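> For the protein sequence lines, the chains are A and B, in the order given.
Note that the numbering used here has the first sequence beginning at 521, numbered continuously upward.
Note that the numbering used here has the second sequence beginning at 10, numbered continuously upward.
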Amino acid sequence: MNTPNTPNDPATPTPSITPPSAVPGPPPPLPAGLPADAGIAQVLEALLKHPLQLVMELQRKGSARTAVALALTAFIALAVYGVIIGTFSGGSQLFLAPLKVSLGSVVSVLICLPSLFIFACLAGAEISLRGLVGALCAMMALTALLLVGFAPVAWVFSQSTDSIAVMGTLHLFFWLIALAFGLRLLTTLMSVWRVSDRLHLRVWKFIFVLVCLQMTTALRPIIGTSADVLPREKKFFVAHWVENLFRGARTSSVAD
Amino acid sequence: MHFASRLLVLCRGDSARIAPWLDERDWRWIATCALTITAGCALYGGVVGLWRAPTQALYTAVKMPLLIFLTCGGNALLNGLLAQVLGAGLSFRQTSVAILMSFTVASLILAALSPVALFLLWNTPPLASATRGVGHSVTLLSDVLFVAYAGVVANRRLLALLSRICATREVARRVFWSWLAGNLFLGAQLSWVLRPFIGSPGLPVQFLRDDPMRGNFYESVFNALRHLFS
């Protein structure tokens with residue numbers, strides 16, 4: 521990922537992305553929003569290179585188009601990565617895995633949206649719900665785009681191993697890296713919204729990661745195969761992972 | 010400012026803007042706080058009780074806000090007295106509003122965490138399963154964590170507000186700790202009286218246990234400790 525917020529024009533003051541101190545100082549100078557007729561390419565470029573431009577855009581009334589573009593990008597990119605996950609088992613998993621990855625991510629975001637809004641307020645952010653939804657769309661879009669970047673590597677490994685444990689660990693590793701960038705973007709956006717207390721944001725990030733991890737178990741199997749589309753047995757993700765790690769190499773597992 | 014939008018200011022803990030609300034005579038702000046507490050705690054309580062049974066969810070949805078209001082009401086006189094004795098310069102009305110606002114913040118946090126609690130519930134072994142003990146423990150533990158977090162944050166907001174309106178930080182601290190101790194002491198006992206909130210797997214679903222006033226919270230903790238170390 522490029523360094524966020526790299527100025528194109530040397531004369532333009534560089535917006536600060538350093539974490540604010542306990543007492544927030546004056547807000548950093550902000551760039552202008554995106555042009556009114558910005559296409560998807562410009563939105564994605566801003567997402568990767570100038571996230572603060574996106575902040576300005578998402579704060580603006582009538583920015584729903586940008587948020588929708590980001591949400592669609594996230595959904596499609598996650599589905600693409602889901603297809604790559606599905607290639608490990610093939611068959612019905614080729615369409616079930618992308619469906620589960622995309623919808624699971626949407627549900628995770630929806631579950632955590634109310635807590636992020638309240639936690640952001642607790643952290644002192646001057647934020648609107650519209651801006652927050654846009655920020656989450658941006659976070660998910662960036663995460664999903666990075667996952668697509670990892671997709672070729674994941675595909676190579678999925679074709680060269682029979683071990684669900686190895687593939688599960690690899691996908692988890694890629695997802696954690698991608699999400700770390702997504703969460704970093706969220707932190708950057710929050711610093712613009714004058715977040716004075718980052719503890720709440722950290723707590724929210726922890727909750728979000730837990731919800732996403734549990735979602736992988738709630739929607740299993742995503743990598744392996746099963747007679748059932750969704751599991752009948754309720755289980756926590758740690759127990760599920762430990763079971764699979766000790767089960768060893770298998771191409772098919774009802775519990776995966 | 011619209012009363013609903015004040016809730017966001019309350020969450021942000023902007024003491025400079027919150028402090029003047031204590032002097033207002035408008036009952037609508039108090040009503041907004043009371044409604045928020047009712048809705049937020051009922052929502053969260055409903056989710057927590059749902060693990061045991063839908064009826065328990067309904068009972069807990071009623072009892073959670075009730076617990077807050079009974080604690081506020083039961084300690085209103087004591088808290089007002091303490092505020093005056095310790096030199097905070099707050100009236101009984103201002104004291105009650107300050108504490109009500111603190112509980113409002115906690116309720117908003119609990120309401121915001123309700124979808125997470127619901128998701129957790131969806132993944133918890135149900136009552137009918139062989140591992141229902143795990144389900145009960147997970148529900149209990151997560152409930153403790155969520156309520157503790159909401160409580161800590163709400164009290165931090167209250168301390169910040171007191172620090173702004175009291176003459177010195179020392180006075181603010183004294184008043185805060187005395188209120189907190191009183192509210193915890195009464196709140197713990199009231200939660201004992203109003204039990205069950207989650208509902209033990211082996212006991213029937215009830216609004217209150219038979220003979221709810223029998224025993225107390227502290228006695229049961231003491232007995233549990235004695236049982237543990239004997």
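Glycine is no exception: its CB is placed at the ideal position from the N, C-alpha and C atoms.
All of these numbers come straight from a predicted model, not from anything done at the bench.
1) Mind checking whether phenylalanine 701 of chain A and threonine 745 of chain A have CB atoms under 8 Å apart?
2) Which whole runs of the alpha helix (DSSP H) in the stretch 195-234 of chain B are 4 residues long or more, in chain order?
3) Determine which residues share a DSSP beta bridge with serine 746 of chain A and list them.
4) Compute the distance between the beta-carbons of serine 625 of chain A and methionine 576 of chain A, then report whether it is under 8 Å.
5) Can you confirm whether alanine 121 of chain B, when its beta carbon is compared against all beta carbons of chain A, has any partner nearer than 8 Å?
6) Classify lysine 725 of chain A as buried or exposed, calling it buried when 16 or more other Cβ atoms lie within 10 Å of its own Cβ.
7) For a quick check, are the C-beta atoms of alanine 658 of chain A and leucine 574 of chain A less than 8 Å apart?
8) Residues of the stretch 123-138 of chain B in Cβ contact with chain A at a cutoff of 9 Å, in chain order, please.
9) Which residues, taken in chain order from the stretch 737-749 of chain A, show a beta carbon closer than 8 Å to some beta carbon of chain B?
10) Using three-state DSSP, classify alanine 640 of chain A as helix, strand or coil.
11) Please name the residue, chosen from B:Gly142, B:Ala120, B:Leu154 and B:Thr177, that lies closest to threonine 47 of chain B on a Cα-to-Cα basis.
12) Check each candidate in B:Val125, B:Ala126, B:Leu91 and B:Gly98 and name the one with the smallest Cα separation from leucine 31 of chain B.
13) Taking the continuous alpha helix (DSSP H) assigned at phenylalanine 155 of chain B, which residues delimit it?
14) Could you check whether the Cβ of cysteine 20 of chain B sits closer than 8 Å to any Cβ belonging to chain A?
15) For asparagine 225 of chain B versus tryptophan 201 of chain B, is the C-beta distance shorter than 8 Å?
16) Where does alanine 645 of chain A sit, in a helix, a strand or coil, going by DSSP?
17) Return yes when the Cβ of tryptophan 188 of chain B is within less than 8 Å of the Cβ of isoleucine 77 of chain B, no when it is not.
18) What do you reckon, are the CB atoms on glycine 55 of chain B and arginine 166 of chain B nearer than 8 Å?
19) Quick check on asparagine 88 of chain B: buried or exposed, where buried means 16 or more other Cβ atoms within 10 Å of its Cβ?
20) CA-CA distance, valine 125 of chain B and serine 151 of chain B?
21) For a cutoff of 8 Å on Cβ pairs, would you count leucine 117 of chain B as touching chain A?
22) Between leucine 619 of chain A and histidine 720 of chain A, is the Cβ-Cβ spacing less than 8 Å?
23) For phenylalanine 637 of chain A, tell me which candidate among B:Ala233, B:His11 and B:Cys20 has the shortest Cα-Cα distance.
24) Which same chain residues, not among the five before or five after alanine 43 of chain B, have their C-beta less than 8 Å away from its C-beta?
25) Note down, in chain order, each residue of its chain lying with its Cβ closer than 8 Å to the Cβ of isoleucine 697 of chain A, except the 5 sequence neighbours on either side.
26) Is it the case that the Cβ atoms of isoleucine 560 of chain A and alanine 589 of chain A are separated by a distance below 8 Å?
27) Does the count of Cβ pairs from the stretch 609-616 of chain A and the stretch 728-746 of chain A closer than 8 Å reach three?
The short version:
1) In the first sequence, the residue the question calls residue 701 of chain A occupies position 181. In the first sequence, the residue the question calls residue 745 of chain A occupies position 225. No.
2) The qualifying runs do not exist here; there are none.
3) On the first sequence, residue 746 of chain A is found 226 positions in, with the first residue counted as 1. Answer is none; serine 746 of chain A lacks a bridge partner.
4) To locate residue 625 of chain A, count along the first sequence from 1; it is residue 105. To locate residue 576 of chain A, count along the first sequence from 1; it is residue 56. No; because the gap between Cβ atoms is not below 8 Å, this pair is not in contact.
5) If you number the second sequence from 1, residue 121 of chain B lands on position 112. Yes, contact with chain A.
6) For the purposes of this step, residue 725 of chain A is identified with residue 205 of the first sequence, where counting begins at 1. Lysine 725 of chain A is buried by the Cβ-count criterion.
7) Indexing the first sequence from 1 puts residue 658 of chain A at position 138. Indexing the first sequence from 1 puts residue 574 of chain A at position 54. In contact: alanine 658 of chain A and leucine 574 of chain A (Cβ atoms closer than 8 Å).
8) Residues passing the 9 Å Cβ filter: Ser123, Pro124, Val125, Leu127, Phe128, Leu129, Trp131, Asn132, Thr133, Pro134, Pro135 and Ser138.
9) Thr737 and Ala738
10) Counted from its first residue, the first sequence places residue 640 of chain A at position 120. Reduced to three states, the DSSP call for alanine 640 of chain A is helix.
11) Position 38 of the second sequence, counted from the start, is the residue given in the question as residue 47 of chain B. If we check each option's Cα against that of threonine 47 of chain B, B:Ala120 comes out closest.
12) Within the second sequence, residue 31 of chain B is the residue found at index 22, counting from 1. Selected option, being the one with the closest Cα: B:Gly98.
13) As a first step, residue 155 of chain B must be located in the second sequence, where it is residue number 146. Segment 141-174, the alpha helix (DSSP H) holding phenylalanine 155 of chain B.
14) Along the second sequence, read from residue 1 onward, the residue named residue 20 of chain B stands at position 11. Cβ-Cβ to chain A under 8 Å: yes for cysteine 20 of chain B.
15) As a working note, residue 225 of chain B is residue 216 in the second sequence. As a working note, residue 201 of chain B is residue 192 in the second sequence. Yes, they are a contact pair.
16) Numbered from 1 along the first sequence, position 125 holds the residue referred to as residue 645 of chain A. In the structure shown, alanine 645 of chain A sits in coil (DSSP, three-state: anything other than H, G, I, E or B).
17) As a position in the second sequence, residue 77 of chain B is number 68, starting the count at 1. As a position in the second sequence, residue 188 of chain B is number 179, starting the count at 1. Going by C-beta atoms, isoleucine 77 of chain B is not nearer than 8 Å to tryptophan 188 of chain B.
18) One-based indexing of the second sequence puts residue 55 of chain B at position 46. One-based indexing of the second sequence puts residue 166 of chain B at position 157. No, Cβ-Cβ distance for glycine 55 of chain B and arginine 166 of chain B is not below 8 Å.
19) If you number the second sequence from 1, residue 88 of chain B lands on position 79. Burial call: buried.
20) Position 116 of the second sequence, counted from the start, is the residue given in the question as residue 125 of chain B. Position 142 of the second sequence, counted from the start, is the residue given in the question as residue 151 of chain B. Separation of valine 125 of chain B and serine 151 of chain B (C-alpha to C-alpha, rounded to the nearest whole angstrom) is 10 Å.
21) Numbered from 1 along the second sequence, position 108 holds the residue referred to as residue 117 of chain B. Judged by the 8 Å Cβ criterion, leucine 117 of chain B is in contact with chain A.
22) Start at 1 with the first residue of the first sequence, and residue 619 of chain A comes out as number 99. Start at 1 with the first residue of the first sequence, and residue 720 of chain A comes out as number 200. Against a cut-off of 8 Å, the Cβ pair of histidine 720 of chain A and leucine 619 of chain A comes out as no contact.
23) By one-based count along the first sequence, residue 637 of chain A stands at place 117. The option with the nearest alpha carbon to phenylalanine 637 of chain A is B:Cys20.
24) Mapped onto the second sequence, residue 43 of chain B falls at position 34. Around alanine 43 of chain B: Phe78 and Leu109.
25) By 1-based counting over the first sequence, the position of residue 697 of chain A is 177. Around isoleucine 697 of chain A: Leu666 and Phe670.
26) In the first sequence, the residue the question calls residue 560 of chain A occupies position 40. In the first sequence, the residue the question calls residue 589 of chain A occupies position 69. Contact flag set, yes.
27) Touching, per the Cβ criterion.
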